[in-house]
Amino acid sequence: MSELKSRKKSGPKGPPADPGKRSEGVKSPEARGGGSGGWVDPRTGVSLLSLGTCLGLAWFVFQQSERFAKVESQYQLLKIETKEFQGLQSKISLISEKLESTESILQEATSSMSLVTQFEQDVSSLQSIMHDIQNSEEMLTQKMQSLHEKFQNVTNFWTRSLEEMNVNTDIFKSESKHVHSQVTVQINSAEQGIKLLTERLKDLEDSTLRNIRTVKRQEEEDLLRVEQQLGSDTKAVEKLEEEQHALFARDEDLTNKLSNYEPKCQKSEAIVEQLQSFQIIAHLKHLQEEIYEVKTWSNRITEKQDILNDNLTTLSQAVTKVDLSTISMAKDVGLKISTIKTDIRRISGLVTDVTSLTDSVQDLEKKIEKVEKNTVKNIGDLLSSSIDRTAMLRKTASENSERINSVKKILSELKNDFNKHTNRFLSLESDRAKVLKTVTFANDLKPKVYNLKKDFSRLEPLVNDLTQRIGRLIADLLQREKEIAFLNEKISNLTIVQAEIKDMKDEITHISDMG
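Each residue of the sequence shown is one higher than the one before, starting from 1 at the first, in full-length UniProt numbering.
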C-alpha cells in the first residue's frame, strides 16, 4: 500500500509540470508582444487565435494526462490485485493438492453411491458454472471489441480533428503571410502616396507663391494706373481752373476795353448830333442802333461767358477766337469811326465827299452785316464746340467714375481673391500638417511592423514546436488508448477470475463444511 501511495503521489505530480512550462512559454511571446506596443492588427489577431488554440489543445492534453495518471494508478492497483490473485492461485493450487489428497482419501473412505452422486451433481453444476463463465467471457470479449472499436473511432476522430487543426494552422500561416504581404504593399503604397503628396504640396506652395506674386504685381500695376489716372484727372482739373482764371482775366480786359470805348462812342454821338443838319444822320442813327445792338450783344456774350464759366465748359481756343473776333470788331469799329471823323471833317469842306461817304457807309453796313453773320456763326460754332466739349467732359467724368467704380470692384474682387488664397493656403497648411501626421504615423509604424516581423519570426519556431508537441501528444494518446484497452481487457479478465475465485472459495467452504 505504501508503494501505491508513493506511485500515486509521483504519478500526478509529473504531468502538471509541462502545462506550467508551456504556459510560461506561451506567456513569454505575449509579454514580448505586449512590449512591442498597444497596437493590434490582423497578424497579431491571427497569432493570438493560434496561441488560443494551442493553449486549448495544451489544456486538453493536460486533462488527458491527468486521466492517464488516474488510469496508471488504476493499473498499478490492478497489478497489486494480480499479485494478490497469484497468491490466491498458489493457495488454490495448494488447496487443489489438498483436495486431490482428500479425494483419494474420500475415494478410499466413501463407498456409498450417494456421496458419489452428490459429488457428480456438484461437478456437473461446476461444469455448468464454467460454461456460464465462458459465455460471460465471450460477452465481455464482444463488449471489449465494441469498446475497442469506439476507441478507434474516437482516435480516428481525434486524428481527423488534429489534421483539420494542422490544416487550419497552415491556412492561418498562409493567411498571415498574405496579410503580411498585403500590409507591406499597403505600407509601400502609403509611402508612395506620401511622397506624391509631398511633391504636390511643394508644387502647390510654389504655385501659391507665384500666384501671390502675380496678384501683388497686378494690384501694384492697377494701383499705379489708378494713381496715374487720378493724377491726370487732377492735372486736367487744374488746367481747367487755370483756363477759367484766364477767361475771367480776359473778360475783365474786355469789360475794360468796352468801358474805354464808351467815351469814344459818346464823342461819336456828339459828333453825330453836330452832323444832324446833314443827310447822313439817318445812317448814323442806324449805326447807333447797330452799335447798341453790338453792346447788347456784347452784354449777352458776357452773360453767356459767365454761364460757361460757371459750368467750366469754355476752353482757351474758344476764348481766343472770341478775343480775336472782338479785337477785329473793335479795330473795324475804330477804323470806321476814324473814317467817319475824317469824312465829317471832309464834309465840312466838301459836300461831294458825302456821296462817297454814303457809299462807304453802305459798304460799312454790308461789312457790318457780314461781320455780324460771321460773329453769329463763330458764336454758334463756339457754343456747339463748347457744348460738345462739355458733353465730352461729362462723358470723361462718367467714364472716370465708372473706372473708379470698376477699380473699386477690382480691389474688392482682389481682396476676395486674396482671402480665398489665404483660405486655400490655410487649407493647404492643414493638409500639409495632416500629411506630416500621416508620415510620422507611418514612421512610428515602421518599428512596430519590424517588431511584429521579429515576433512572427520568433513565433514560427514556437508554433512549429507546438505542432511537434501536439503530434507527440497525439502519439502518446494513441499509445495510452491502446494501453487503456489492454488494461480494460485485463480488468475484465480479473473480474472474471475474481468471480471464479469467489465461486471456488464458496465451493471450498462448502466442501470443508461437508468434510
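Think of the CB as a built atom: it goes at the ideal place given N, C-alpha and C, for glycine as much as any other residue.
By the neighbour-count criterion, in which a residue is buried when 16 or more other Cβ atoms sit within 10 angstroms of its Cβ, Ile-171 is exposed.
If you draw a straight line from the Cα of His-245 to the Cα of Leu-426, it is about 58 Å long. Rounded to the nearest whole angstrom, the C-alpha separation of Glu-242 and Asn-256 is 21 Å. Taking one beta carbon from each stretch, the segment 490-499 and the segment 75-82 have 3 or more pairs nearer than 8 Å; the two touch. With contacts defined as CB atoms closer than 7 Å, Ile-484 and Val-71 qualify as a contacting pair. By the 16-neighbour rule on beta-carbons within 10 angstroms, Arg-43 is buried. Taking all protein chains in view, the Cβ of Phe-486 is surrounded by fewer than 16 other Cβ atoms within 10 Å, so the residue is classified as exposed. Pairing Ile-501 with Leu-57 gives a Cβ-Cβ distance that is not under 7 Å. Of the candidates Lys-366, Ser-50, Gln-142, Arg-403, the residue whose Cα lies closest to the Cα of Glu-227 is Arg-403.
Ser-174 is classed as exposed because its beta carbon has fewer than 16 other beta carbons within 10 Å across all chains shown. In this structure, DSSP gives Asp-206 a helical state, which the three-state scheme calls helix.
Judged by their CB atoms, Phe-68 and Arg-472 are not nearer to each other than the 7 Å cut-off. DSSP, reduced to helix, strand and coil, places Asp-41 outside both helices and strands of the structure shown, so it counts as coil. The beta carbons of Ser-65 and Leu-459 sit no closer together than 7 Å. At the C-beta level, Leu-477 and Cys-54 stay beyond 7 Å of one another. For Leu-51 and Val-167, the gap between their C-alpha atoms comes out near 15 Å. Gln-468 and Ala-475 have their C-alpha atoms spaced approximately 11 Å apart.
Gln-74 has its alpha-carbon roughly 37 Å from the corresponding atom of Asp-513.
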